[in-house]
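This note's numbering puts the first residue of the sequence shown at 229, with every later residue one more than the last.
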Amino acid sequence: MSSAGSHDPVHGLSFDIEDWFHVIGVPELEDSTTWADRESLVERRTDQILQICDDHGVKATFFVVGWIADRHPGLMRRIAEAGHEFGSHTHWHRLLFTLDRPTFREDLRRSIASIEDRTGLQVPGFRAPCFSLTPGCEWVGDELLDAGIRYDASLFPVPRENGGYPCPRAPHLFETPSGRRIPTLPMSVARIGPVVTGFSGGSYLRLLPIRLVESLFRRREKAGIPGVVYLHPRDFAPDCPRVPMGLRRRFNLHAGLASTERKLRRLLERFAFVPCSELVNRHFPVDEGNACSTS
Ligand SMILES: [Zn+2]
Numbered sequence: 229m230s231s232a233g234s235h236d237p238v239h240g241l242s243f244d245i246e247d248w249f250h251v252i253g254v255p256e257l258e259d260s261t262t263w264a265d266r267e268s269l270v271e272r273r274t275d276q277i278l279q280i281c282d283d284h285g286v287k288a289t290f291f292v293v294g295w296i297a298d299r300h301p302g303l304m305r306r307i308a309e310a311g312h313e314f315g316s317h318t319h320w321h322r323l324l325f326t327l328d329r330p331t332f333r334e335d336l337r338r339s340i341a342s343i344e345d346r347t348g349l350q351v352p353g354f355r356a357p358c359f360s361l362t363p364g365c366e367w368v369g370d371e372l373l374d375a376g377i378r379y380d381a382s383l384f385p386v387p388r389e390n391g392g393y394p395c396p397r398a399p400h401l402f403e404t405p406s407g408r409r410i411p412t413l414p415m416s417v418a419r420i421g422p423v424v425t426g427f428s429g430g431s432y433l434r435l436l437p438i439r440l441v442e443s444l445f446r447r448r449e450k451a452g453i454p455g456v457v458y459l460h461p462r463d464f465a466p467d468c469p470r471v472p473m474g475l476r477r478r479f480n481l482h483a484g485l486a487s488t489e490r491k492l493r494r495l496l497e498r499f500a501f502v503p504c505s506e507l508v509n510r511h512f513p514v515d516e517g518n519a520c521s522t523s
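What follows is the structure in structure tokens.
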């Protein structure tokens, strides 16, 4: 159980709620009309995540794919009843830089409506699939504000497959083309040997030794910069179905799956975590840039 006072450093805890077949870049999984017939792990593994959060007394942000919200309304209610926060992870889980603006607008608003209809809760946050808010996609910030989104969590400060945006490593205000600003929580990166890399989520967290991850969280606390944990239901699933894919992709998706729960529990024991909007509110008190309104 975390027991941090109000002035202690806190980090963001988040989960991207999608199924294993929403992985991008695997040809066999690209046709969305096949998704409904595939074995699903999202309910069982998200319930596992909810149990872990409950055991440690922490609340998180669940960035949900709208397609999942439509098909798993009971799961949406369980997340809501547990007191967690919702964010949009788009409706169809497509890379932002492959979409034109009207297509993104429709996809985003559909996802928000799907989550709100199932939960009765507002959707204050957004995360792009694969952190695919890349240079050239700045208009996404205006679309988020126009749709009533209060903060973004899509920027990955160093290049990675399908994503990356050069930006400060601390929470900051993202300038949109229309001159407005939206608070953004960049993903956590650190120098490890010769490379600057992620360490706090997905395959990075599964593959790196937990002691190293802990030392990087401590380093951020000394620097006064919060870390952001992000994991998927499939990160907890050693029994994740296998389909043909390249070797590197297979390694990134399947290595370390049995270690995820243990590593997450250890981080939750040693560090204080809050939902992303709480982190945003600590860094950007209301009326300093995020005065967006749905009215
Ligand atoms: Zn995703």
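Yeah, the Cβ is synthetic: ideal placement off N, Cα and C, and Gly gets one too.
Bear in mind that the values here come from a model prediction, so they are computed numbers and not experimental data.
Item to check | Pair within 9 angstroms by beta-carbon distance, ALA381 and GLY407 | outcome: Not a contact, by the Cβ cut-off of 9 angstroms.
Kindly indicate which residue of LEU485, ILE245, LEU241 and GLY430 has the alpha-carbon position closest to the one of HIS321. Among LEU485, ILE245, LEU241 and GLY430, the Cα nearest to that of HIS321 belongs to ILE245.
Note to self: Suppose contacts are defined by Cβ-Cβ distances below 9 angstroms. Is VAL423 in contact with SER242 by that definition?
What the structure shows: Result no, Cβ atoms of VAL423 and SER242 do not sit closer than 9 angstroms.
Task: Euclidean distance between Cα positions of LEU349 and CYS468 - done: Spanning the alpha carbons of LEU349 and CYS468 requires a straight line of approximately 30 angstroms.
inquiry  = Is any non-hydrogen atom of ligand 1 found closer than 8 angstroms to the C-beta of VAL286, if you look at the structure I gave you?
reply    = VAL286 has its Cβ no nearer than 8 angstroms to any heavy atom of ligand 1.
- Give a yes or no on whether the C-beta atoms belonging to ARG498 and PHE445 are separated by under 9 angstroms. Cβ distance < 9 angstroms, so ARG498 and PHE445 count as in contact.
Between TRP367, LYS450, PHE479 and PHE464, which has its C-alpha nearest ARG273's C-alpha? The residue with the shortest Cα to Cα distance from ARG273 is PHE464.
(request) Could you have a look at HIS400 and say whether DSSP puts it in helix, strand or coil? (result) HIS400: strand per DSSP, three-state reduction.
Using only the alpha-carbon positions, how far apart do ARG510 and LEU435 sit?
Rounded to whole angstroms, ARG510 to LEU435 spans 31 angstroms at the Cα level.
**OP:** Would you mind stating whether SER339 and HIS317 have Cβ atoms separated by less than 9 angstroms?
**Re:** Closer than 9 angstroms, so yes.
| query | Which value, in whole angstroms, describes the spacing of the CA atoms of HIS460 and GLY430? | reply | Put simply, the backbone Cα of HIS460 is about 7 angstroms away from that of GLY430.
- Using the C-alpha atoms, what's the distance from HIS319 back to TYR458? It is roughly 19 angstroms from the alpha-carbon of TYR458 to the alpha-carbon of HIS319.
> Which full runs of the beta strand (DSSP E) of 3+ residues lie inside the segment 357-408, going along the chain?
Replying inline: Those beta strand (DSSP E) runs which fall completely within the segment 357-408 and span 3+ residues are 400-403.
| query | What residue ranges within the segment 287-368 form continuous beta strand (DSSP E) runs of no fewer than 3 residues, ordered along the chain? | reply | For the segment 287-368, whole beta strand (DSSP E) runs of length 3 or above, ordered along the chain, are 289-292 and 313-316.
For this session: Report the three-state DSSP secondary structure of SER268 (helix, strand or coil).
Result: Three-state DSSP puts SER268 in coil, outside helix and strand.
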